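Participant: In my numbering, the protein residues as written are 118 to 370. For glycine and all other residues, C-beta sits at the position ideal for the given N, C-alpha and C. These numbers were taken from a predicted model, which means no experiment stands behind them. Shown below is the structure under consideration.
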Ligand code: CIR
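Shown next, in the form of structure tokens:
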């Protein structure tokens, strides 16, 4: 069970963040409203929210997931793989020090972002992307191994992050889209394939008794409902414009 979530409001310069999407500039007021609905959903799942003020130095800093990997045994501060985001992890690390005595760190030349890290029980999958390199994966593997976890790497071709295309929702059910669908590394899971036109929604999360999913993706929603999960839908249109998915808006632990 998760107990806490760290979130950070989008700042005034949110629209200056990195994006590859062609969906237009985000509306900040609407992004703030969607962010507060996201927080409400996490509260409904029973989480205590640690809400950080916007950090105007970093336009992408609302995407907190990329800055840390946290489980009950260890917290790891990441080394983000793009210059404009380097340093976002520092304030998050200070918060994590309240919960973990020792914070491990990914160091140069290793880079690693939380969006590339998928946890399935004691097994971690690490996406090798433009943001996470082999050295970052090697360092994380070494850290997690000390605490009884094992890691496998997954080479990505086009996805921004591993979790842009995959989500584990429990009970061996894995939601998978695009380039990850036929990857043999996931062959033992019960695969729920996401249609191409709904690929954004593959980035959903299981939080305690609910699945949180982006609003407006009816086919995936029905597949999850058929598996008898309870769903909370959240409109994330303004975060999508900045390549951000549902998972990246929080660190859950
Ligand atoms: C970026 O490109 O870094 C941000 N605009 C979006 C980060 C999304 N993070 C995630 O999927 N974990």
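1. Contact check, residue 159 vs residue 367 under 8 angstroms by CB: the rounded distance?
2. Distance, Cα to Cα, residue 165 vs residue 325?
3. Ordered along the chain, which non-local residues of its own chain (more than five positions away) have a Cβ less than 6 angstroms from that of residue 237?
4. Which ranges does the beta strand (DSSP E) cover as unbroken runs of at least 3 residues, wholly within the stretch 146-221, from first to last along the chain?
5. What's the gap between the Cα of residue 353 and the Cα of residue 301?
6. Report buried or exposed for residue 179, applying the criterion of at least 16 other Cβ atoms within 10 angstroms of its Cβ.
7. Could you say which of 230, 292, 170 and 137 lies nearest to residue 152 if we only look at CA atoms?
8. Could you tell me if the beta carbon of residue 180 falls within a distance shorter than 8 angstroms of some heavy atom in the ligand CIR?
9. On a Cα-Cα basis, can you pick out the residue from 273, 230 and 265 that is closest to residue 253?
10. Could you have a look at residue 135 and say whether DSSP puts it in helix, strand or coil?
11. Return the first residue and the last residue of the beta strand (DSSP E) that residue 337 is part of.
12. When burial is assigned at 16 or more other CB atoms within 10 Å of the CB, is residue 176 buried or exposed?
13. Residue 243 and residue 269: beta carbons closer than 9 angstroms?
14. Could you check the C-alpha separation between residue 133 and residue 239 for me, to the nearest Å?
15. Given residue 248, which residues of its chain have a CB within under 8 angstroms of its CB, disregarding the five upstream and five downstream residues?
16. Any heavy atom of the ligand CIR inside 8 angstroms of the beta-carbon of residue 277?
Facilitator: By the coordinates alone:
1. Sure, about 6 angstroms apart at Cβ, within 8 angstroms.
2. 13 angstroms
3. Around residue 237: 285.
4. 165-169, 185-187 and 192-194
5. Each residue's alpha carbon lies about 31 angstroms from the other.
6. buried
7. 170
8. Checking the Cβ of residue 180 against the ligand CIR gives yes.
9. Looking at the Cα atoms, 230 is the closest of the given residues.
10. coil
11. No beta strand (DSSP E) holds residue 337; the alpha helix (DSSP H) holding it covers 335-343.
12. With 16 or more neighbouring CB atoms inside 10 Å of its own CB, residue 176 falls in the buried class.
13. yes
14. If I take the Cα positions, the gap works out to 37 angstroms.
15. 183, 197, 198, 199, 228, 229, 230, 232, 233, 277 and 278
16. Within the cutoff, so yes.
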